[in-house]
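Colleague: Protein chains in written order, with my numbering: chain A, 1 to 332; chain B, 1001 to 1294; chain C, 2001 to 2305.
One structure coming up, written as structure tokens, with questions to follow.
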Amino acid sequence: MATPAPLLEVEGLSVRLEVEGVRRPVLRDVSLSLDRGEALGLVGESGSGKSMTARAIDRLLPAGAEVTGTVRFEGTDVGALSGTALRRYRGRVAMVFQDPRAHVNPVRRIGDFMTEALRMNQGISVRDAERRAVEMLGEVGIANGARRLRQYPHELSGGLLQRVMIATALLTEPALLLADEPTTALDVTTQADVMAILDALRREFDLALVFITHDLDLAAAVCDRTAVMYAGQIVEIHASSRLHDDPLHPYTAALAAARPDITRTARRLQAIAGRPLSSFEAPADECAFAPRCGYAQTACRERLPELVRLNGGVSRCVRAHELRSMLGRARG
Amino acid sequence: MSSAPVASTDVVIGRSRRPLPIVTLLRATGPVGIASAVVIAAATFIAAFGWLLAPYDANLTNLTNTFVGPTGGHLLGFDVQGRDVLSRLLAGAWTSMLGPLAVVGICITVGTVLAVTAAWRRGATDAVVSSGLDVLFAFPAILLAVLAAAVFGAGLLAASIAIAIAYTPYVARVLRGAALRERSRPYVAALEVQGASATTICLRHLVPNIMPLIVAQATILFGYAMVDLAAISYLGLGVQPPNANWGVMIAENQSGILEGTTLPALSAGIAIVVVVVAFNLLGERLFENTRKGR
Amino acid sequence: MLIASLLVASFVIFGAMYLAPGNPISALSGGRSLPPDSIRVLEARYHLNDPFFTQYWYWLTGALHGNLGISIVLRENVSTLIASRIWTTAGLVLYASLLILVAGIGLGVLAGLRPGILDTSALVVSAISAAIPAFVAAIVLIIVFAVKLGWLPAFGNGAGLLDEIKHFTLPAVALAISSMAIVARVTRASVREESVREHVQTAISRGLPRRHVIRRHVLRNAAIPITTVSGITIASLIAVAAVVEVAFGLNGLGAYLVQSAQSKDLAVVQGISLVLVTAFVLVNVAVDVLYSLLDPRVALGTRAQ
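See below:
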């Protein structure tokens, strides 16, 4: 029995951007895959390249970006698409952005925003499109949809606007949803609501989801698997349930340990020494995390570690096998 | 122990070792800024000493030479009344630049006073000043200058004052914004707590700190004032002939164009454009520098 | 609000009579000596024996009814004199506005949407054009197009519609040129700024066609600052038109205003000033209205300066 091909396959994706006249790498050798209906968390600090990865998948990189490696969606090479084919692809991949207020056109009504893709790309009539929009608003928990459609973005709160964005993303019945920190700009209570909606809808519509966040536990709560990024590279991909007990990379372990556990008292908060490296600064010939890693050895500084498979996951640590027992729950 | 923050005009130990502020200013504006500054310096020099530099008497008429083209030592030929164009151009720099200087002087002074007062007092004073400024905007400068000429008679003084009055609301509004921002900075509160008087704070700290914006605004304003005043003189309502003035020269010599003598009018026009462009370019760059925080 | 500005301006125009050295009579007569009968007529007409504000009131209400006084020089009603010349000025300003909007915005949009080498040279050209005063532009245009090339006339109104358009072309271009440059620059900057905004990214990410995105997201949003700047520059044309009219010998309000200022015909100056200031304020009101229509976040009358 053949396993179905993954919906999304990213292989060796590297992106370089021109920053102030110098070409710098923002993504190095990113590889991941996603099956239909699967949720993958993408976790990392600022500058780790997680947003870039999503943009690369949706072909939204800034002009002049140098891209190597492949992104394959349903078997087709996304990088080779152009014109109508590209637009059709973009129609099947929906993206939800971080700051809803900046990402919705302030001078057009909500109804216009929501139905735009349906009317333009699928030729659906205004009346039908609006009907669907109202239904979808109901799904995200917004009552009175017809009234909302007439309103302008500035009349809605941030949380409401983000829910509208999610509803809009789902209207075109995409196969893949890329959510770039959808709740970071919201307050905590709204965060929980929006997360719940996202999770429920994903399962209902059998969407594949890439969920980008800096919060490891949040990703783990919603996603089956989690990928951890550091300095523009993937350093670990593992089943979310195993992240705490069996992290495959010292960085993941440190991230997990750094989160204060409210059920225990501890003398000090555990922080990771040093500051996070952005992808611009990461060296090309050694492990980027080595300077901050408690387990670093000379081998770590000799060459760039490759991704190795173990225990159903992937790790970019040279010492991954050795450290397995030590990394998990090392907070004794 | 003085903990007053360093304002740009505070005397600081070692200040004599820092480069002159004007040099740092110029370095910050790039090659275009420097080129503009050079042009402006040249124009100022000519304005001050043009009457010395002129090869011939700028007011000596000789009707047999009307609109004769460039010959001999007369590089730009003769104008409508047989005067040497080049000499007249050099001599005319003085009135052409004096008016704008007066306009800018008045505007900036009055504008700064209004802006700082409104920003300092805030509340009712600010509301009154702001509404007052908003309400005064309806008069285009040229119109006010023409009105002034009708009432007080044609002349550079009346025109300059009228234009200054027309510009002041705009200048005051721009400076008020900056003054308000500066006023809410922590060091102002610190100085107030130390017991410094309002005048001291404003004069010795607030104004110097918005000085880059004031200078940028003044530079741009000079360009506008020069255009408007030259227009007024062109219309015959500003500097009166036979005084040499670039605007007047264009008006006087326009008739020659139809006969084919373009140099007298054109050279005056080019002089105006060159100086105005220099002020505009420099002013814009200075303005951008204030946005970038110097 | 703007109405208040208009009132203040009319007050200034009226009060000019009193600012002049001497008494209002001498201001109105421009220093000419008048026979006693004429003086009495003036006193009655302007209610000069009444308190100041009453005079102002009479003058203002009279103006609203079309009574703007009498020209000392021509002994005719100012309103008649204005009416015969107003279409010249209006035509000139409209023609120039058309040029500014079509060429200025058009070029600006093109430059904004297509970055290229054309861009930098265009920037330099526009920086210089923006600084060319209308009367200097007039001179250059006369030299090039009227004298050297002989394509277009340099003087007078012309007769008949087509001829008038020919006669108005050089003046309109002279009037429009610096404003065109300013509008083009602001347009280009706004279009550039809008095209990299996040909401445009959202639209692209949804696979919308490029033309559609440009039209309904980039241009539609950039229209807001573009409208404001265009409106302000067009309003300023009203005053500068006077200079162009004089340069090209056009028989418009502006030229007549200058003439009257020279001959100290104060009533005419007051009348024309009032008309021009009113036009100026009306254009600004129109811009405010347009702005609040384009930007639903803004209530009427709160246009950001």
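Even glycine gets a Cβ: it sits at the ideal position worked out from N, Cα and C.
Because the structure is a prediction, the values reported are computed rather than measured.
What do you get for S1016/B, buried or exposed, if any count of 16 or more other CB atoms within 10 angstroms of its CB means buried?
Modeller: Numbered from 1 along the second sequence, position 16 holds the residue referred to as residue 1016/B. In this prediction, S1016/B scores a pLDDT of 43, lower than 50, which makes its location untrustworthy; the coordinate-derived value is nonetheless stated afterwards. Exposed, because fewer than 16 other Cβ atoms sit within 10 Å of the Cβ of S1016/B.
Colleague: Alpha carbon to alpha carbon, how far is V26/A from S82/A?
Modeller: Here residue 26/A refers to the residue found at position 26 when the first sequence is read from its first residue. Here residue 82/A refers to the residue found at position 82 when the first sequence is read from its first residue. Straight-line Cα distance between these residues: approximately 23 Å.
Colleague: Within 8 Å of any Cβ in chain B, is that where the Cβ of Q2055/C sits?
Modeller: For the purposes of this step, residue 2055/C is identified with residue 55 of the third sequence, where counting begins at 1. Chain B, which has no Cβ nearer than 8 Å to the Cβ of Q2055/C, makes this no.
Colleague: Are the CB atoms of R1185/B and G1030/B nearer to each other than 8 Å?
Modeller: Against the second sequence, residue 1185/B aligns to sequence position 185. Against the second sequence, residue 1030/B aligns to sequence position 30. No, the Cβ-Cβ distance between R1185/B and G1030/B is not below 8 Å.
Colleague: In terms of DSSP beta bridges, what is Q233/A paired with?
Modeller: As a first step, residue 233/A must be located in the first sequence, where it is residue number 233. According to DSSP, Q233/A bridges with Y230/A.
Colleague: If you run the structure through DSSP and keep just helix, strand and coil, what is R2045/C?
Modeller: As a working note, residue 2045/C is residue 45 in the third sequence. Of the three classes helix, strand and coil, the one that applies to R2045/C here is helix, per DSSP.
Colleague: I want to verify the contact list: residues of chain C whose CB lies under 9 Å from the CB of F97/A, in sequence order.
Modeller: Walking along the first sequence from the start, residue 97/A turns up at place 97. Neighbours of F97/A on chain C, chain order: E2198, Q2201, T2202 and S2205.
Colleague: Give the secondary structure of N1245/B by DSSP, where H, G and I count as helix, E and B as strand, and everything else as coil.
Modeller: Walking along the second sequence from the start, residue 1245/B turns up at place 245. Correct three-state label for N1245/B: coil.
Colleague: So, under 8 Å CB-CB, R2220/C and G2108/C are touching, yes? Tell me the CB distance rounded to an integer number of Å.
Modeller: The residue labelled residue 2220/C in the question sits at position 220 within the third sequence. The residue labelled residue 2108/C in the question sits at position 108 within the third sequence. Contact flag wrong, Cβ pair sits at about 15 Å.
Colleague: Contact defined as beta carbons within less than 8 Å: I believe R2085/C pairs with L2253/C. What is the distance between those atoms, to the nearest angstrom?
Modeller: Counting from 1 along the third sequence, the entry for residue 2085/C is found at position 85. Counting from 1 along the third sequence, the entry for residue 2253/C is found at position 253. The Cβ separation is near 5 Å, so the contact holds.
Colleague: Which one or two residues does DSSP pair with A994/B in a beta bridge?
Modeller: Examination of residue 994/B is not possible in this model, given that chain B is present from 1001 through 1294 alone.
Colleague: Bridge partners for V96/A per DSSP, in chain order?
Modeller: Counted from its first residue, the first sequence places residue 96/A at position 96. DSSP lists A179/A as partners of V96/A.
Colleague: For the alpha helix (DSSP H) holding E135/A, just list the boundary residues, first then last.
Modeller: Within the first sequence, residue 135/A is the residue found at index 135, counting from 1. It spans V126 to E139 - the alpha helix (DSSP H) in which E135/A sits, taken as one unbroken run.
Colleague: Does the count of Cβ pairs from the segment 1186 to 1206 of chain B and the segment 1071 to 1087 of chain B closer than 8 Å reach three?
Modeller: Short answer: they don't touch.
Colleague: So, for A1148/B: in the same chain, excluding its five sequence neighbours on each side, which residues have a beta-carbon less than 8 Å away from its beta-carbon?
Modeller: Along the second sequence, one-based indexing puts residue 1148/B at 148. A1158, A1159, I1161 and A1162, listed in sequence order.
Colleague: Alpha carbon to alpha carbon, how far is M1249/B from A1268/B?
Modeller: Translated into the one-based positions of the second sequence, residue 1249/B becomes position 249. Translated into the one-based positions of the second sequence, residue 1268/B becomes position 268. Near 6 Å, if we compare the C-alpha coordinates of A1268/B and M1249/B.
Colleague: Show which residues of chain B have a CB atom less than 8 Å away from the CB atom of V2258/C.
Modeller: The residue labelled residue 2258/C in the question sits at position 258 within the third sequence. In chain order: V1146, L1235, G1236 and L1237.
Colleague: Could you check which residue in N2023/C, A2020/C, V2283/C and S2038/C has the C-alpha nearest to that of T2228/C?
Modeller: Taking the third sequence and counting its residues from 1, the one referred to as residue 2228/C is at position 228. The candidate whose alpha carbon is nearest that of T2228/C is V2283/C.
Colleague: What separation, rounded to the nearest whole angstrom, lies between the Cα atoms of L2205/C and T189/A?
Modeller: Taking the third sequence and counting its residues from 1, one reaches residue 2205/C at position 205. Taking the first sequence and counting its residues from 1, one reaches residue 189/A at position 189. Residue 2205/C is actually Ser in this sequence, not Leu. Going by the C-alpha atoms only, they are around 28 Å apart.
Colleague: For the putative contact between V43/A and V210/A, defined by C-beta atoms under 8 Å, what is the C-beta separation to the nearest angstrom?
Modeller: In the first sequence, counting from the first residue as 1, residue 43/A sits at position 43. In the first sequence, counting from the first residue as 1, residue 210/A sits at position 210. That pair is no contact at about 11 Å.
Colleague: Are three or more beta carbon pairs between the segment 174 to 182 of chain A and the segment 50 to 61 of chain A nearer than 8 Å?
Modeller: Contact holds: three or more Cβ-Cβ distances are below 8 Å.
Colleague: Go ahead and pull the three-state DSSP assignment for L1229/B.
Modeller: Stepping through the second sequence from its first residue, residue 1229/B is reached at position 229. L1229/B falls in the helix class under three-state DSSP.
Colleague: With a threshold of 8 Å between beta-carbons, can R2297/C be considered close to chain A, or not?
Modeller: Residue numbering aside, residue 2297/C sits at position 297 when the third sequence is read from its first letter. Chain A contact via Cβ: present.
Colleague: For I2165/C, is the classification buried or exposed, using 16 other Cβ atoms within 10 angstroms of its Cβ as the cut-off for buried?
Modeller: Here residue 2165/C refers to the residue found at position 165 of the third sequence. Counting Cβ neighbours within 10 Å, I2165/C comes out exposed, since fewer than 16 surround it.
Colleague: Is it true that the CB of A1091/B sits closer than 8 Å to the CB of A1058/B?
Modeller: If you number the second sequence from 1, residue 1058/B lands on position 58. If you number the second sequence from 1, residue 1091/B lands on position 91. Yes, these two residues count as a Cβ contact at 8 Å.
Colleague: What is the residue span of the alpha helix (DSSP H) that R2273/C lies within?
Modeller: Counting from one through the third sequence, the residue named residue 2273/C turns up at place 273. Correcting the residue type first, residue 2273/C is Ser in the shown sequence and not Arg. Counting along the chain, the alpha helix (DSSP H) containing S2273/C begins and ends at L2266 to L2294.
Colleague: Around the C-beta of Y2256/C, are 16 or more other C-beta atoms found within 10 angstroms, so that it is buried, or is it exposed?
Modeller: Residue mapping note: residue 2256/C aligns to position 256 of the third sequence, counting from 1. Buried.
Colleague: Mind checking who D77/A pairs with in its DSSP beta bridge?
Modeller: To locate residue 77/A, count along the first sequence from 1; it is residue 77. DSSP output for D77/A lists R72/A as bridge partner(s).
Colleague: Comparing alpha-carbon positions, which option in V1277/B, A1225/B and G1177/B lies nearest A1115/B?
Modeller: Taking the second sequence and counting its residues from 1, one reaches residue 1115/B at position 115. For the residues V1277/B, A1225/B and G1177/B, the minimum Cα distance to A1115/B belongs to G1177/B.
Colleague: Along chain A, which residues have their Cβ under 9 Å away from the Cβ of R2114/C?
Modeller: Counted from its first residue, the third sequence places residue 2114/C at position 114. In chain order: nothing, as chain A lies at least about 12 Å away.
Colleague: Using a cut-off of 7 Å between C-beta atoms, extract the partners of L2276/C located in chain B.
Modeller: Your numbering for residue 2276/C matches position 276 in the third sequence. In chain order: L1143.
Colleague: Can you give me the Cβ contacts of F73/A inside the same chain, cut-off strictly under 6 Å, excluding the 5 residues immediately before and after it?
Modeller: Here residue 73/A is taken as the residue at index 73 of the first sequence, counted from 1. Excluding sequence neighbours, F73/A sits near L8.
Colleague: Would you mind telling me which residues of chain A sit closer than 7 Å to P2209/C, beta carbon to beta carbon, in chain order?
Modeller: Along the third sequence, one-based indexing puts residue 2209/C at 209. Correct list: R87 and M120.
Colleague: Along chain C, in chain order, which residues have C-beta atoms closer than 7 Å to that of A1230/B?
Modeller: If you number the second sequence from 1, residue 1230/B lands on position 230. Those are P2133, listed as they occur along chain C.
Colleague: So, for I2226/C: in the same chain, excluding its five sequence neighbours on each side, which residues have a beta-carbon less than 7 Å away from its beta-carbon?
Modeller: Taking the first residue of the third sequence as 1, we reach residue 2226/C at position 226. So the list reads I2105, V2186, T2187 and S2190, once near-sequence residues are dropped.
Colleague: For A1265/B, go through chain F and note every residue whose CB falls closer than 7 Å to its CB, in chain order.
Modeller: As a matter of chain content, chain F is missing from the structure shown, whose protein chains are A, B and C.
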